[in-house]
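Residue numbering for the sequence shown follows the working numbering, starting at 11 and increasing by one per position. We treat Cβ as the ideally placed atom computed from N, Cα and C, and that holds for glycine. Since this is a predicted model, take the numbers as computed values, not measurements.
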Amino acid sequence: MTQTSMQQQPSTADAYGFGFAEMAYLLKSTSTPQAEKSAAVLRLSEELASKQLCIAGASSLLARGLATANGEDLELEGPAVALAYALGRANRWTEISLMSGESIDTVVHVESDLVKVLLQPRTLATWFAFAQDPAIEGAVAELDIVAEHVRQTQTGTAYILSRTVDAEDHLMIRPDAGAWSVGKVVDPASDVVEESGLDDIGLLAALTTLRTALLS
11 MTQTSMQQQP STADAYGFGF AEMAYLLKST STPQAEKSAA VLRLSEELAS KQLCIAGASS
71 LLARGLATAN GEDLELEGPA VALAYALGRA NRWTEISLMS GESIDTVVHV ESDLVKVLLQ
131 PRTLATWFAF AQDPAIEGAV AELDIVAEHV RQTQTGTAYI LSRTVDAEDH LMIRPDAGAW
191 SVGKVVDPAS DVVEESGLDD IGLLAALTTL RTALLS
């Protein structure tokens with residue numbers, strides 16, 4: 011299975027929807043350790059292991075014009091190229107749980123060397139992918155997501171789970187009287203260790219520290 015050049019990826023920030031069988035094929039098409047990690051993060055490991063499901067995903071991509079046949083191989087087209095690249099070459103996966111009352115929405119931030127995407131699960135195990143400007147720092151993008159969630163809900167909170175191939179760590183975020191509070195569970199038997207009174211710059215620093223610590 012082959013893929014088209016990265017030069018053909020779309021520059022638009024529009025969202026593209028992919029079914030779970032299509033996602034399985036995109037993960038299978040790269041067959042890298044990073045793709046396996048992406049599958050685990052997206053809870054698609056069983057789908058990735060299903061040959062028939064991956065074939066169905068390839069057929070769907072072909073029918074939608076997101077892949078073309080080249081002999082017995084498929085070449086990905088358009089937004090499928092960028093998404094497959096990000097999933098197969100990611101160096102960081104950040105799951106952002108946005109909570110408000112009893113509702114939870116999830117954004118998965120997948121970052122590779124050239125491509126960064128934001129993924130949101132939707133009805134019937136579909137995923138919507140949004141291209142992120144690669145010039146924007148990952149922590150800045152994540153701060154924007156959390157800040158917009160709080161702006162819309164007023165009392166919403168967030169749980170950030172950041173992963174590399176070998177490590178993971180978390181950060182809890184909540185609005186606090188016009189500022190931010192962040193917390194971590196250092197010891198499961200103890201209360202959350204919290205830092206309060208952070209402005210946007212302070213929250214950005216906390217997100218950056220979380221990301222940097224996983225690489226040390």
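Review point. Is the CB-CB distance between Thr104 and Ser172 below 8 Å?
Key: yes
Check your understanding: Secondary structure at Ser21, three-state DSSP: helix, strand or coil?
Key -> Residue placement at Ser21 cannot be trusted, given a pLDDT of 39 that sits under 50; what the coordinates show is reported in the next sentence. DSSP places Ser21 in coil when its eight states are reduced to three.
Point to revise | Helix, strand or coil at Thr12 [DSSP, three-state] | key: Its pLDDT being 36, under 50, Thr12 is placed unreliably in this model, and the value from its coordinates should be taken loosely. DSSP places Thr12 in coil when its eight states are reduced to three.
Review point. In the structure shown, what three-state DSSP assignment does Asp210 receive?
Key: helix
Exercise for review: Give the secondary structure of Asp154 by DSSP, where H, G and I count as helix, E and B as strand, and everything else as coil.
Suggested key: helix
Point to revise | Endpoints, the beta strand (DSSP E) within which Pro185 is located | key: Glu178 to Asp186
Practice item. Tell me whether Phe138 is buried or exposed, calling it buried when 16 or more other Cβ atoms sit within 10 Å of its Cβ. Key: exposed
Check your understanding: So is Glu227 buried or exposed if we call it buried at 16+ other beta carbons inside 10 Å?
Key -> Within the shown structure, residues of the chain are numbered from 11 to 226, placing residue 227 beyond reach of any answer.
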